[in-house]
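Report on the following structure.
Numbering (our numbering), first residue to last: 2 to 277.
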């Protein structure tokens, strides 16, 4: 059963990683830092922490995430406020403001294969500086020249550099650098006051990887437990990767979960509708 922590001793209180105020949890995120942000589309995003950042207004942020939210939701809120300067992602669709900012030169974008992004984050959290992968060989990923930032006149002002390649056992691979972020922002289903986390089904997505990649990781959790209440075999991310835990009020901000695209079938027909 979920329980908010009520430590009985000063020692246990000092060990707790719980920060009840989301604004306080992100107060040291300054201009120009790099953030690894969990989530996939609208699923599993740390919306409470994103809202706190929107209020705090740090600018020039470099965001590493699968995508940059959608218009008016998730990281899209920070994008609309002009707080994000650079995005490293594997998917950039479904956000018209993103496309406009990128094409007008307001936003720098590094677009990479999804599996490569996941491994770059995992490598960063595992102390691996770089790795070789076959993904991107023979493309501009390896050869360079991808437009990272456009100039106002439509020309390319910043292009991707060529990457080193090597041949192993007759097959060519490209070198990819690990991602190590200043902060990791994630959302979990369950967590205890020591920072051990459990994610729910598809909401697991990029969250463990972003938590690992952050030098300081802040996790918002839907259900908060005392140490020892979670089955050790249930824990999907150990607390060693998490420095701050922010409990979500089930009736308060951050509790909302949106469906990005809802597909319905009308009763008695073969007609399907897709709505937002």
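Backbone N, C-alpha and C fix where the C-beta goes; we use that ideal spot for every residue, glycine too. Being a predicted model, the structure only gives us computed values, none of them experimental.
Could I get the ranges of all uninterrupted beta strand (DSSP E) runs contained in the region 34-67, with 3 residues as the minimum, in chain order? 35-38, 62-65
Helix, strand or coil for residue 97 per DSSP? Position 96 of the chain shown, counting from 1, holds the residue named residue 97. Of the three classes helix, strand and coil, the one that applies to residue 97 here is helix, per DSSP.
Quick one: is residue 195 buried, meaning 16 or more other Cβ sit within 10 Å of its Cβ, or exposed? Taking the first residue of the chain shown as 1, we reach residue 195 at position 194. Buried: at least 16 other Cβ atoms inside 10 Å.
Look at residue 197 and residue 249 and say whether their C-beta atoms are less than 8 Å apart. Here residue 197 refers to the residue found at position 196 when the chain shown is read from its first residue. Here residue 249 refers to the residue found at position 248 when the chain shown is read from its first residue. Taking 8 Å as the Cβ cut-off, residue 197 and residue 249 do not qualify as a contacting pair.
Which same chain residues end up closer than 8 Å to residue 178 when comparing Cβ atoms and leaving out the 5 residues on each side of it in sequence? Sequence index remark: in the chain shown, residue 178 carries index 177 (1-based). Excluding residues within five positions, the ones whose Cβ falls inside 8 Å are 121, 130, 131.
What three-state label does DSSP hand residue 108 in the structure shown? Position 107 of the chain shown, counted from the start, is the residue given in the question as residue 108. Coil.
Report yes if the C-beta distance between residue 71 and residue 188 is below 8 Å; otherwise report no. Here residue 71 refers to the residue found at position 70 of the chain shown. Here residue 188 refers to the residue found at position 187 of the chain shown. No, they are not a contact pair.
Residue closest to residue 64, alpha-carbon to alpha-carbon, out of 74, 88, 48: Counted from its first residue, the chain shown places residue 64 at position 63. Of 74, 88, 48, the smallest CA-CA separation from residue 64 is found for 88.
Please give the ranges of any beta strand (DSSP E) in the region 168-198, keeping only runs that are unbroken, at least 3 residues long and fully inside the region. List check, beta strand (DSSP E) in window: 172-178, 182-193.
Beta bridge counterpart(s) of residue 74 as assigned by DSSP: Taking the chain shown and counting its residues from 1, one reaches residue 74 at position 73. Looking at the DSSP assignment, residue 74 forms a beta bridge with 71.
Find the nearest neighbour of residue 146 within the set 92, 104, 159, judged by alpha-carbon distance. Indexing the chain shown from 1 puts residue 146 at position 145. Comparing Cα positions, the closest option is 159.
Within the continuous alpha helix (DSSP H) that includes residue 263, where are the two ends? Within the chain shown, the letter at position 262 stands for residue 263. Segment 263-266 is the beta strand (DSSP E) holding residue 263; no alpha helix (DSSP H) there.
Using a Cβ-Cβ cut-off of 6 Å (strictly less than) and excluding sequence neighbours within five positions of residue 115, which residues of its own chain qualify? Here residue 115 is taken as the residue at index 114 of the chain shown, counted from 1. Cβ neighbours of residue 115 beyond the five flanking positions: 91.
Residue 218 by DSSP, collapsed to three states: which one? As a first step, residue 218 is located in the chain shown; it is residue number 217 there, counting from the start. Strand.
So the candidates are 52, 136, 79; which of them puts its Cα closest to the Cα of residue 167? Translated into the one-based positions of the chain shown, residue 167 becomes position 166. Here the closest residue by C-alpha is 136.
In the DSSP assignment, what are the bridge partners of residue 133? Position 132 of the chain shown, counted from the start, is the residue given in the question as residue 133. 176.
What first and last residue would you give for the beta strand (DSSP E) that runs through residue 117? Numbered from its first residue, the chain shown carries residue 117 at position 116. Unbroken run through residue 117 is the alpha helix (DSSP H), 115-127; no beta strand (DSSP E).
Roughly how many whole angstroms lie between the Cα atoms of residue 228 and residue 193? Counting from one through the chain shown, the residue named residue 228 turns up at place 227. Counting from one through the chain shown, the residue named residue 193 turns up at place 192. So the alpha carbons of these two residues sit roughly 6 Å apart.
Tell me whether residue 265, by its Cβ, gets closer than 7 Å to a heavy atom of the ligand MG. Only the bare structure without any ligand can be found here, which leaves the ligand MG out of the picture.
Count the other CB atoms, across all protein chains shown, that sit within 10 Å of the CB of residue 176; report buried if there are 16 or more and exposed otherwise. Locating residue 176 in the chain shown gives position 175, where the first residue counts as 1. Exposed, since its Cβ has fewer than 16 Cβ neighbours within 10 Å.
From the DSSP secondary-structure annotation, give me the bridge partner or partners of residue 238. By 1-based counting over the chain shown, the position of residue 238 is 237. Its beta-bridge partners are 198.
Considering only their Cβ atoms, is the gap separating residue 59 from residue 31 smaller than 8 Å? Here residue 31 refers to the residue found at position 30 when the chain shown is read from its first residue. Here residue 59 refers to the residue found at position 58 when the chain shown is read from its first residue. Yes, Cβ-Cβ distance for residue 31 and residue 59 is below 8 Å.
At which residues does the alpha helix (DSSP H) containing residue 248 begin and terminate? Translated into the one-based positions of the chain shown, residue 248 becomes position 247. It is not in any alpha helix (DSSP H) - residue 248 instead sits in the beta strand (DSSP E) that spans 245-248.
Going by DSSP, what residue range makes up the beta strand (DSSP E) through residue 148? For the purposes of this step, residue 148 is taken as residue 147 along the chain shown, with counting starting at 1. Residue 148 -> beta strand (DSSP E) spans 148-151.
Have a look at the DSSP bridge pairing and note the partners of residue 85. Here residue 85 corresponds to residue number 84 of the chain shown, with the count starting at 1. Residue 85 pairs with 62.
Euclidean distance between Cα positions of residue 191 and residue 224: By one-based count along the chain shown, residue 191 stands at place 190. By one-based count along the chain shown, residue 224 stands at place 223. Approximately 5 Å between the Cα atoms of the pair.
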